[in-house]
Structure formats: C-alpha cells, structure tokens
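Chemist: All letters in the sequence shown, in the order written, are residues 410 to 713 by my numbering.
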Amino acid sequence: MIALAAAAVLLTALSACDAGDTAGSPTTSPVGQTGAEPPTGPTGAEPPPGGLTGKEFDPADFAEDSAIVDNRWLPLQPGMRYVFEGRAFDEGERIERRVVIVVTDLTKVIAGVRTLVTYDLDYNDGDLVESDIAFFAQDHAGNVWQLGEYPEEYEGKEIAKAPAWIHGVQGARAGLTMMAEPRLGTPSYAEGWGPAVGWNDRGRIRAMGEETCVPVDCYTDVLVIREFNRDEPGASQLKYYALGVGNVRVGWMGPNEQERERMVLVELRSLTPDELAEVRDAVLEQEARGYEIKKRVYGQTSPM
C-alpha cells in the first residue's frame, strides 16, 4: 500500500559522508520559552537551557508509558493514517504535494525515554522525495516532545541525503512539539536542536478558537501554531490543529516564504492489521539502512 519500492541505495557513498552530514551549521541555539534571542555559536556547541519550563529536556519527566501520546491537540493513535494534499513551490515552480503520515505501533528508546514512531512519506508531483521516521514522547504533564528523526531524501530512486538528528548525539536536543495547555502570548519554543544538520525550528501559538473546513470535516476551536526558523526571517509555516484530531491544515505567512505550502487533510482512517504490518516492515527496513548510512548518529541508538 505505502511501502517503499525497491531502490538503488548508495550506502557506501552516504556512509562516507556521515562524519560531516549534509547541511551547514545553523546560526541560532535552542532557547525554549524564554523570549530571548539565542546566541550564535559553532556547530555542536552546547545550547543554552530551553524547553517548556525554561530548563533542559529531562528524561526524569517521562514515565514508562511515555509512548502513549494522548495530548488532546496531538493524539497519536497507533494505526492511524493521515493524508494531506495541496500545493507548494519548489525552486520557483508550482508543484502538487501529497504527504502520508502513519502512526506506527513501534516504539524506540532514546535517552532512556520510550518514544512512539511515526512514518512520513512526502511526494512532489507523484514522486517520492522523502521518507521519515520520527520519535515522539509525552511527559508527565501531557506535553509532546520530539526526540529526533531519521529522514531519507530522494533524488529519483536513490537516497541523496539522510539528515538525521537524535537527542544527545552530536549536540542535538529534544524539542517541544505540542504543549499540554497551549496559550496565546506564550513566547516561542524550540521544536528541536540538531546543529549538525541545521535543524533549529521554533514554534509559537498564533491563534486559538479558529474555524476551518477541510475535505475530512469542519472544525471549530482550532489551534494555529506558527513554525519558523530565525535563520530565515519573514518566512513561516502555519499548522492548524483540531481537538481530538491533530493537524488538519498547513498554510504559510511572510514575504520571504519561498515554499508557500498549502495542504489540507483529505483522508483520516485506521489501517487494517495487514496494512499496519506492511508499514511496520517498511519502517524497520529504513531503520536498518539508518544503521549503515548514519553510523555516527543513528548508529548510536538501540533498535526498535
């Protein structure tokens, strides 16, 4: 159904590039909800304290059931499949975009925290351009954190890049994905910090109580989060979250936003056991490649 087709994978070439990764160093550090401008520093430098409460991400804040993500704004129920469709611009050309996200029934322990694994497939004009396995956990208070990801970016049928980041490896730090109780006026927060691959996205609550309609349904009391990168001023992505559902719409704002992505939720359903098993196999195959391609990053983690 959505398993990756067999592709020629350049394991040797990519493994040789593992030491330096594929992206340049960001110029900011992950400050959480402090509102202060972060200092600049070299790749791998220790970031200042950040996160939801102004302190470092702490594994002690998570229980054994941390892979159960039931945050009302971002419920991640294993077996659910979300399909988004829309348009964006790629190097100035308008493209059709489709994103398939599956919440798997796999878990992975990172930094002593058991995370839930999601599997994303991104298509531009019908061609697979990225497959991503990402790791989320919910703390005692109900906040959802991302502890890393292993993406594979495709050019044709070959893997061109794999900009992985994992909490605790090469200076990377977990980031906040969704607050338990989002509130307007809250300062921006780090969604993760992967200095070796240029991951330094931030989020801020832009609106609450909005209404929106997408092909799946119409929703009220919608939360809108603005995601941005301080290295790219004047460019932001907007994500719309419905209670009990999660992300239902993606938009953009800012005069310098190049991609101008707009997508809506067109399908939301639970996979059959056979479909979920197929996804599970695809994720485990990608993880196996990760141990070969990104030995110095993904290779530092325990298997799912």
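Even for Gly, the Cβ is constructed at its ideal location relative to N, Cα and C.
Along the chain, where does the alpha helix (DSSP H) that runs through residue 630 open and close?
Modeler: Mapped onto the sequence shown, residue 630 falls at position 221. No alpha helix (DSSP H) contains residue 630, which is instead part of the beta strand (DSSP E) from 627–637.
Chemist: Where does residue 702 land, buried or exposed, given buried means 16+ other C-beta within 10 angstroms?
Modeler: For the purposes of this step, residue 702 is taken as the residue at position 293 of the sequence shown. Residue 702 is buried by the Cβ-count criterion.
Chemist: To test your reading of the DSSP string, which unbroken beta strand (DSSP E) runs of 3 or more residues are found completely within the stretch 635–694?
Modeler: Qualifying beta strand (DSSP E) stretches, in chain order: 645–651, 655–662, 671–679.
Chemist: Taking only the alpha-carbon atoms, compute the straight-line gap between residue 497 and residue 685 and give it to the nearest angstrom.
Modeler: Here residue 497 is taken as the residue at index 88 of the sequence shown, counted from 1. Here residue 685 is taken as the residue at index 276 of the sequence shown, counted from 1. The alpha-carbon atoms of residue 497 and residue 685 are separated by roughly 29 angstroms.
Chemist: Taking the DSSP output, what are the residues bridged to residue 499?
Modeler: For the purposes of this step, residue 499 is identified with residue 90 of the sequence shown, where counting begins at 1. Residue 499 pairs with 502.
Chemist: Considering Cα atoms alone, identify which of 630, 609, 613, 610 is closest to residue 619.
Modeler: Position 210 of the sequence shown, counted from the start, is the residue given in the question as residue 619. That would be 630, whose Cα lies nearest to the Cα of residue 619.
Chemist: For residue 522, collect the residues of the same chain with a Cβ closer than 6 angstroms to its Cβ; drop the 5 residues on either side in sequence, then sort them by chain order.
Modeler: Taking the first residue of the sequence shown as position 1, residue 522 is located at position 113. Within the same chain, residue 522 has close Cβ partners 468, 471, 475, 546.
Chemist: Below 8 angstroms on the Cβ atoms is my guess for residue 651 versus residue 659; work out the distance and round it to an integer in Å.
Modeler: Position 242 of the sequence shown holds residue 651. Position 250 of the sequence shown holds residue 659. 13 angstroms between Cβ atoms; not a contact.
Chemist: In three-state terms, what does DSSP make of residue 547?
Modeler: Residue numbering aside, residue 547 sits at position 138 when the sequence shown is read from its first letter. Of the three classes helix, strand and coil, the one that applies to residue 547 here is strand, per DSSP.
Chemist: Measure the alpha-carbon distance for residue 554 versus residue 691 and round it to whole angstroms.
Modeler: Here residue 554 refers to the residue found at position 145 of the sequence shown. Here residue 691 refers to the residue found at position 282 of the sequence shown. Those two C-alpha atoms are separated by around 24 angstroms.
Chemist: If you drop the 5 nearest sequence neighbours on each side, which residues of the same chain put their C-beta closer than 7 angstroms to that of residue 593?
Modeler: Counting from 1 along the sequence shown, the entry for residue 593 is found at position 184. The answer, listed in chain order, is 614, 617.
Chemist: Whole angstroms is fine: what's the gap from residue 518's alpha carbon to residue 557's?
Modeler: For the purposes of this step, residue 518 is identified with residue 109 of the sequence shown, where counting begins at 1. For the purposes of this step, residue 557 is identified with residue 148 of the sequence shown, where counting begins at 1. One C-alpha to the other measures close to 11 angstroms.
Chemist: When burial is assigned at 16 or more other CB atoms within 10 Å of the CB, is residue 648 buried or exposed?
Modeler: Taking the first residue of the sequence shown as position 1, residue 648 is located at position 239. Buried.
Chemist: In three-state terms, what does DSSP make of residue 468?
Modeler: The count along the sequence shown starts at 1 and reaches residue 468 at position 59. Residue 468 falls in the helix class under three-state DSSP.
Chemist: Compute the Euclidean distance between the alpha carbons of residue 565 and residue 549, then round it to the nearest angstrom.
Modeler: The residue labelled residue 565 in the question sits at position 156 within the sequence shown. The residue labelled residue 549 in the question sits at position 140 within the sequence shown. Straight-line Cα distance between these residues: approximately 43 angstroms.
Chemist: Taking the continuous beta strand (DSSP E) assigned at residue 710, which residues delimit it?
Modeler: As a first step, residue 710 is located in the sequence shown; it is residue number 301 there, counting from the start. Counting along the chain, residue 710 falls outside any beta strand (DSSP E), and DSSP gives it neither H nor E.
Chemist: For residue 372, count neighbouring C-beta atoms within 10 Å of its own C-beta (all shown protein chains included) and say buried if the count is 16 or more, exposed if not.
Modeler: Absent from the model: residue 372. The displayed extent of the chain is 410 to 713, so no value can be given.
Chemist: Taking the beta strand (DSSP E) that residue 564 falls in, what are its first and last residues?
Modeler: Taking the sequence shown and counting its residues from 1, one reaches residue 564 at position 155. Residues 553–564.
Chemist: Give a yes or no on whether the C-beta atoms belonging to residue 579 and residue 605 are separated by under 8 angstroms.
Modeler: On the sequence shown, residue 579 is found 170 positions in, with the first residue counted as 1. On the sequence shown, residue 605 is found 196 positions in, with the first residue counted as 1. Going by C-beta atoms, residue 579 is nearer than 8 angstroms to residue 605.
Chemist: In this structure, how does DSSP classify residue 620 when only helix, strand and coil are distinguished?
Modeler: Residue 620 sits at position 211 when you count from the first residue of the sequence shown. Note: residue 620 maps to strand in three-state DSSP.
Chemist: To which residues of the same chain is residue 666 closer than 6 angstroms at the C-beta, ignoring the five residues directly before and after it?
Modeler: Position 257 of the sequence shown, counted from the start, is the residue given in the question as residue 666. Excluding residues within five positions, the ones whose Cβ falls inside 6 angstroms are 644.
Chemist: On a Cα-Cα basis, can you pick out the residue from 513, 675, 670 that is closest to residue 626?
Modeler: To locate residue 626, count along the sequence shown from 1; it is residue 217. Selected option, being the one with the closest Cα: 675.
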